[in-house]
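To start, the structure under review is shown below, and the notes come after it.
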Amino acid sequence: MTATQAPPRTAAPAEHGSFAATLRAEWTKFRTVRGWVIGLTVAALVTVLVGLLSGAGSMSSCNGHPCHFLHPVGPGGEAVTDTFYFVHRPLASHGSITARVTSLTGELPTATGSGRVRAGQGPQSGMHPGLEPWSKGGLIIKANTTQGSAYAAVLVTGDHGARMQYDYTQDIAGPPGRPAPASPRWLRLTRAGDTITGYASADGTHWTQVGIATLPGLPATVQAGMFATSPPYSVTTAQGLLGMSGTGGPTLASAALDHVSLHGTVPGAWTGTQLGAGRSDASPAMPGRYHQAGGTFTVTGSGDIAPDAPGGGGPGQTLDHTLVGALAGLIAVVVVAAMFITAEYRHGLIRTTCAASPRRGQVLAAKAIVIAAVSFAAGLAAAAVAIPLGSHVLRANGNYLYPVSLLTEVRLVAGTAAMLAVAAVLALALGAMLRRSAIAVTLVIAAIILPYLVAVTNVLPPGAGNWLMRLVPAAGFAIQQTIPNYPQVSNACAVAQGCYPLAPWAGFAVLCAWAAAALCGALLLLRRRDA
Amino acid sequence: MSAALHAEWTKLRTYPGTAWLLLAVVAVTVAVSAAAAASARCPAAGCGQDPSKISFTGVDLGQAAVAIVAVLAVSAEYSTGMIRTTLAAMPGRIKLLAAKAAVVSVLILAAGALAAAGSLLTGWLILPGHGFTRAHGFAPLTLADGPVLRATAGSVLYLALIGLLSLGAAAAVRDSAVAIGLVLGVLYLLPIVAAVVSNATVRRHLLQAAPMTAGLDIQATTGLRSLPLSPWQGLAVLAAWAAGALLAGGLLLRLRDA
Amino acid sequence: MEATIDVQGVYKSFGPTLALDGMTFTVAPGQVTGFIGPNGAGKTTTMRVILGLDAPDEGAALVGGRSYTSLHRPLTHLGSLLDAAALQPSRTGRNHLLWLAHSQGLDAARVDAVLGQAGLDKAARRRAGGYSLGMRQRLGIAAALLGDPPVLMMDEPFNGMDPEGIVWMRGFLRSLAAAGRAVLVSSHLMSELEDTADHLVIAGRGKVLADTSVAGLLAAASGDRALLRTIDPDRAATVLEHAGASVAVAGAGLLTVTGLDTGQISALLAGQAVPFSELSAHRATLEEAYLGLTHDAVEYRAAEGVRP
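From first to last, the protein sequence lines are chains A, B and C. Residue numbering for the first sequence follows the working numbering, beginning at 2 and increasing consecutively. Residue numbering for the second sequence follows the working numbering, beginning at 2 and increasing consecutively. Residue numbering for the third sequence follows the working numbering, beginning at 2 and increasing consecutively.
Here is the structure:
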């Protein structure tokens, strides 16, 4: 029998390549465990499936019939509400319009009726005097009388003073105060081609510029005039799992304007036009009217000129609803990540690992990189499939999805994938600290999924709920917000409708901060502890 | 059977983690209930809130600790390899699962009772100061009140059923992380999906079928007519889930190699 | 109850791997039966089938004529040690035995008795996670003895024991067998079993290769060989070959003689005045005998040297 010989010693690898070697070792460790690879595949599949199922269950109907609403789109591509009463005449490419607003009053519904604020309906019962905070009345220059066309307006509001607003999303504050007969508000809009400037004054002689708007592609002849509008009133009295219920209805605002003067007009007469407020208008509004007595115009209108935002019982859905399955995918990813680290402690594999790579910080970093990368890949694939498929299912079921720009959609896909990756790292770090996978998984789920559940089912009042969603790792969901929170729109948009208290990247940063803190803690413990 | 019960009881009481986890059940439940009560407000009569449900909010998180206790009672055997010793000593696998279920349930009922009592106490102390008074139409939160007694006892039963659900899941999948992910996923995700779907009928059906929302109906004392299920019906749905999990777990335990 | 283990024609596959291929043998009382075989021969799988942990595809394994899972208080019929490390680290050794005792309706007094037998009195109230390998083995043996069973089954009990522990274990197992128990001990190291076992079941590739007493195996393997040490090997070889024996050189001044017993050899050499300093009958070691038998049945063999 030939004697066996030990193989000769090979030279030790270079020190600077050791992290790359550790990283490669951790990647090999991960991809060779069939269960973990399957777990990530399950995460991706379940993300798509749950999103599709929730879309399939979202058959939208209006009293049993499919809903047909008009959803005008503004110049920037966003969904808008463009409903108001317009008293207008044509204006040339250079000109101006000036008026003095002597009062802004309104009416609110007296209804105590229950049930949702439904679009396309009139008020439930009588009205009483009262002004919505964001009621608007003033001067407007608009490309034409089509809903969604470009405009610039200088106006007075119920509680927010004089303002200049243009192209639905832009809002600039002007001098405060509600106009009254004793203290009227003078307003002026001057047009020079595509540029419109808004001015306000208290006495008609000393003007302060409120803002400048550039509306590219404005036609030579536009419509200029007076308008009034008032957003619907809604108070949610109970928010539960069965949806919001509250009272509300359309409101009215009346603006009284006199000393109306125009320069640069094209021949024509004052015309009164109602934009929106029909049965197929998505926002509850009543038809308006105007009355001219001598030089005084009284314009009454209902509705809003603002971006269409989710909430308030409106019929639209935000695109992130297609990604509700990402929560399930997140749980699967977190389970795999916890197992990836705690498997080292089971069966004593940690001794082999530490012998092969004595720098424990490097091992932890390598593991974090591997699990983040594979989770990101799984999330990316899942989101890229779930969004188009889910949107198709939602639309086929009669839902309206608020349009989003390509950049926003990219943020939605990448952000969701990034959330999964960071949650995986958080779970890995907790698993390294606690060495028990079940507790690590539970803590991550309690920190990310449970606050989301609490916010969506209104277990806590909105103030406390928002506070929670700013602090816990669940704040990361803010990256999925597709429609920004516009301050000039009053709507009850909560987490369930896709609105979060923090800005997208701010919320994501909170999640990252938690993961970073956990990693630091894990590193400290790993270095100090015996293997 | 009594020998199996004795053995499982000895196992649980000599495992130091058991005491800590049960303490966590009580502490977490009471703390979250206190936080919910502290943030609740009822400015006027007809504010449509349910003080009992607010008081017992802590169960939403306490159930996670209960799930861990139950999952570890089974999964720790597999992770240490002790399952072979256990099955050599007690080859009757269904009897083994039943003994584990019985012992774990008794412990969870005890911890749950403490947690529920503590939650009720925090509600009774804090809520009247936040507008939940007789003037606004709310009776004080005492066990003398029938619905409140039902909510309290029901919360304890709810926790025990969650424990049984988790035990069955752990017996089926064996790994503790996977079992806990599965249980918490089913509990927390179904209500989220229900809140997101826009069709009211589908939502109602989901709320009736989901174990967490159905089971927590037992905590409601107001607005009972608008609930998707009556309190006891809801708890029965959760009991069905628990039974199904135990069945699946028992079958897999019986048929698989150890 | 009769103290026996009966394995009858057991077949077991795990997926594509055939682990047991008609394993059949009996463990009789009053002796220590060694269950030896190369790694992967199916020893642990057979023991798991006996305990009802794995279900066989065909065949049966009976303890005292009954299947293990049908026994009431099974640890009082068959005590086993499969994996000494299967302990909850945070539980003490005594508490581990305590729940086992409770599962058989036994009490703490019995626990303390077996702890004394296994020599773990002092360490019993410490966390099992801190036990050394040898202490874990002793705890496992204590667990096997808890029910005072007539049949004992141990999978590689010598693993990790120090020389003192091995000596203790050897004597302990023999005393258990001498008291009339059936003892099945598996191992893949021959030197441990050589002085412990009376009977051997040699397994390879899921089957039984030999089911014989130790003495019989050694006799068969030893053959008619003798070792001769002499300063004149050529002359000794000539003389012996002339008498009909076959002689081989085993080293400097060392000859292996086959075909004659030692008496005949010494007579022949003395007759021819051939000096020799040592003549001994070759006694095969268990290792030699075993390697000869299992050479073809080895599942995992390392490469013979590495080419530079």
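Built from N, CA and C at the ideal position, the CB exists for glycine as well.
Query                                                                                                                                                           : Result
Alpha carbon to alpha carbon, how far is Gly326(A) from Tyr12(C)?                                                                                               : 46 Å
For Phe15(C), name the three-state secondary structure that DSSP assigns.                                                                                       : strand
Please identify the residue among Arg360(A), Ala510(A), Leu461(A) and Ile446(A) whose C-alpha is closest to the C-alpha of Arg528(A).                           : Arg360(A)
Helix, strand or coil: which one does DSSP assign to Met162(C)?                                                                                                 : coil
Would a check of beta-carbon distances place Lys101(B) closer than 9 Å to chain C?                                                                              : no
Indicate whether at least one CB of chain B lies closer than 9 Å to the CB of Gln105(C).                                                                        : yes
On the CB-based measure, 16 or more other CB atoms within 10 Å of its CB, does Val364(A) come out buried or exposed?                                            : buried
Tell me which same chain residues have a C-beta within less than 7 Å of the C-beta of Val43(A), skipping the five on either side of it?                         : Ala333
Can you give me the C-alpha to C-alpha distance between Asp258(B) and Ala211(B), rounded to a whole angstrom?                                                   : 32 Å
In chain B, which residues lie less than 9 Å from Gly53(C) when you measure between Cβ atoms?                                                                   : Leu88, Ala89, Pro92 and Ala259
Should Cys521(A) go down as buried or exposed, given a rule of 16 or more other Cβ atoms within 10 Å for buried?                                                : exposed
Let's test the definition: count the other Cβ atoms within 10 Å of the Cβ of Val26(B) and tell me whether it reaches 16, buried, or not, exposed.               : buried
In three-state DSSP terms, what is Trp135(A)?                                                                                                                   : coil
Quick one: is Met155(C) buried, meaning 16 or more other Cβ sit within 10 Å of its Cβ, or exposed?                                                              : buried
What does DSSP give as the partner residue(s) for Lys101(B) in the beta ladder?                                                                                 : None, per the DSSP bridge assignment.
Find the nearest neighbour of Gly155(B) within the set Ser177(B), Leu168(B) and Ala237(B), judged by alpha-carbon distance.                                     : Ala237(B)
Taking its Cβ as the centre, do 16 or more other Cβ atoms sit within 10 Å of Asn400(A), making it buried, or is it exposed?                                     : buried
Under the rule that 16 or more other beta-carbon atoms within 10 Å means buried, what is Glu78(B), buried or exposed?                                           : buried
Do you know offhand how far Pro462(A)'s Cα is from Lys54(B)'s?                                                                                                  : 13 Å
What is the DSSP secondary structure of Asp22(C), counted as helix, strand or coil?                                                                             : strand
Could you give the first and the last residue of the continuous alpha helix (DSSP H) run that contains Ser438(A)?                                               : Ser438 to Val457
I want to verify the contact list: residues of chain B whose CB lies under 7 Å from the CB of Ala461(A), in sequence order.                                     : Per the sequence shown, residue 461(A) should be read as Leu rather than Ala. Under the 7 Å cutoff, chain B gives Ala37 and Ser40.
Return the CA-CA distance between Leu454(A) and Ile193(B), expressed in angstroms with no decimal places.                                                       : 6 Å
Assign Ile232(C) to buried or exposed, taking buried as 16 or more other Cβ atoms, counted over all protein chains shown, within 10 Å of its Cβ.                : exposed
Closer than 8 Å by C-beta to Leu121(C): which residues in its own chain qualify, once you throw out the five before and the five after it? Chain order, please. : Gly94, Met136, Arg139, Leu140 and Ala143
Any beta-carbon of chain D closer than 9 Å to the one on Asp58(C)?                                                                                              : The displayed structure is made up of protein chains A, B and C, and chain D is not among them.
For His292(A), which beta-bridge partners are listed by DSSP?                                                                                                   : Thr299(A)
Could you have a look at Pro14(A) and say whether DSSP puts it in helix, strand or coil?                                                                        : For Pro14(A), the predicted model reports a pLDDT of 47, less than 50, meaning its position is unreliable and no value from the coordinates is stated.
Please classify Asn459(A): is it buried, with 16 or more other beta-carbons within 10 angstroms of its beta-carbon, or exposed?                                 : buried
Starting from Arg101(A), trace the beta strand (DSSP E) in both directions and tell me its first and last residue.                                              : Phe85 to Pro110
Against Ser81(C), what residues of chain B qualify as contacts under a CB-to-CB distance less than 8 Å, listed in chain order?                                  : Ala89
Alpha carbon to alpha carbon, what distance is there between Trp515(A) and Leu101(C)?                                                                           : 44 Å
Just the Cα atoms here: how many angstroms apart are Ser76(B) and Ala180(B)?                                                                                    : 8 Å
Where does Ala243(B) land, buried or exposed, given buried means 16+ other C-beta within 10 angstroms?                                                          : buried
Count Cβ pairs between the region 196-210 of chain C and the region 35-42 of chain C that sit closer than 8 Å; are there 3 or more?                             : yes
Do we get a CB-CB distance below 9 Å when we pair Leu62(B) with the residues of chain A?                                                                        : yes
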